[in-house]
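Notes to accompany the following structure.
Residue numbers (the working numbering), protein chains in the order written: chain A, 1 to 115; chain B, 1001 to 1113.
Below, the structure written as structure tokens:
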């Protein structure tokens, strides 16, 4: 049973517009969430994270929103650039106060940003 | 500051053989985790080592094992290889504290023939 779900396998956005990637989770014990970007045949690159005590975290063009009651988080990229084209993974940490050594990943969303 | 280094980058092995993969974490990071990525299953957690001890373990058979050395470098071993073990194996390191991000290496692409 998937505990972290990214229901959109792909997303296409025009350059300069906003990209919104969504992620849902089922385990209420998850307390730390991360977004990674991945190119083929490379390791995931950390983008941004959020703790369950917050509902928003911003870093440059990237903002992550967390809605605990809905068990939903989203990553906003504004403005989107062609270099953002990659697969984006949502990940959750299942241990309260634990290390992030055990991450549960979604299946990923492939973002294509068209010039 | 050097990133996470995995060796080798590519491997081809025959069914029934065993393989050892290596991971050097970021300096100062004490936790090393291993993940398997396949097209069908996505990224799945194998195990985590912290201070030379296995701290967490995913749902993989005993053929998959690992260890961590005193300098935090880690190795992962897969014995009696099966075709289904073909995957990208990723290593991630983090400081081992709460709410800290994990950084990944480039991965080792293992092909079992």
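The beta carbon of each residue, even a glycine, is placed where N, CA and C say it ideally should be.
Counterpart residues of residue i in DSSP-defined beta bridges
| i | result |
| --- | --- |
| residue 72/A | 24/A, 67/A |
| residue 1077/B | 1020/B, 1065/B |
| residue 13/A | 113/A |
| residue 1035/B | 1045/B, 1090/B |
| residue 62/A | 59/A, 77/A |
| residue 1053/B | 1050/B |
| residue 92/A | 33/A, 104/A |
| residue 1014/B | According to DSSP, which records beta bridges pairwise, residue 1014/B is partnered with nothing at all. |
| residue 5/A | 24/A |
| residue 49/A | 34/A |
CB contact below 7 Å: residue i versus chain A
| i | result |
| --- | --- |
| residue 1059/B | no |
| residue 1066/B | no |
| residue 1052/B | no |
| residue 1069/B | no |
| residue 1107/B | yes |
Interface flag, residue i vs chain B, CB-CB below 7 Å
| i | result |
| --- | --- |
| residue 43/A | yes |
| residue 102/A | yes |
| residue 117/A | Because residue 117/A is not part of the residues shown, which for chain A are 1 to 115, the question remains open. |
| residue 37/A | no |
| residue 49/A | yes |
| residue 65/A | no |
| residue 105/A | yes |
| residue 30/A | no |
Under 7 Å from the C-beta of residue i: neighbouring residues of chain B
| i | result |
| --- | --- |
| residue 108/A | 1042 |
Contacts of residue i in chain B (Cβ-Cβ under 9 Å)
| i | result |
| --- | --- |
| residue 46/A | 1101, 1102, 1103, 1104 |
Under 8 Å by beta carbon: chain A residues contacting residue i
| i | result |
| --- | --- |
| residue 1022/B | The contacting residues do not exist; residue 1022/B stays about 14 Å from chain A at best. |
| residue 1027/B | Under the 8 Å cutoff, chain A gives no residues; its nearest Cβ is about 17 Å from residue 1027/B. |
7 Å Cβ cutoff, residue i in contact with chain D
| i | result |
| --- | --- |
| residue 9/A | The displayed structure is made up of protein chains A and B, and chain D is not among them. |
Checklist line | Any 3 or more C-beta pairs closer than 8 Å across the stretch 1081-1091 of chain B and the stretch 1100-1112 of chain B | finding: yes
Next item on the list: Indicate whether the contact test is met: 3 or more Cβ pairs, each with one atom in the stretch 61-80 of chain A and one in the stretch 1022-1040 of chain B, closer than 8 Å.
Entry: no
Check: Taking contact to mean at least 3 C-beta pairs separated by less than 8 Å, is the stretch 58-65 of chain A in contact with the stretch 32-48 of chain A?
Finding: yes
Note to self: Within 8 Å, do at least three Cβ pairs link the stretch 104-114 of chain A to the stretch 53-60 of chain A?
What the structure shows: no
Notebook entry, point to check: Counting pairs of Cβ atoms below 8 Å between the stretch 1064-1074 of chain B and the stretch 1013-1024 of chain B, do you hit three or more?
Noted result: yes
Next item on the list: Quick one: which residues of the stretch 78-94 of chain A get their C-beta closer than 7 Å to a C-beta of chain B? List them in chain order.
Entry: 89
Check: So, do the stretch 84-96 of chain A and the stretch 10-25 of chain A have three or more beta carbon pairs nearer to each other than 8 Å?
Finding: yes
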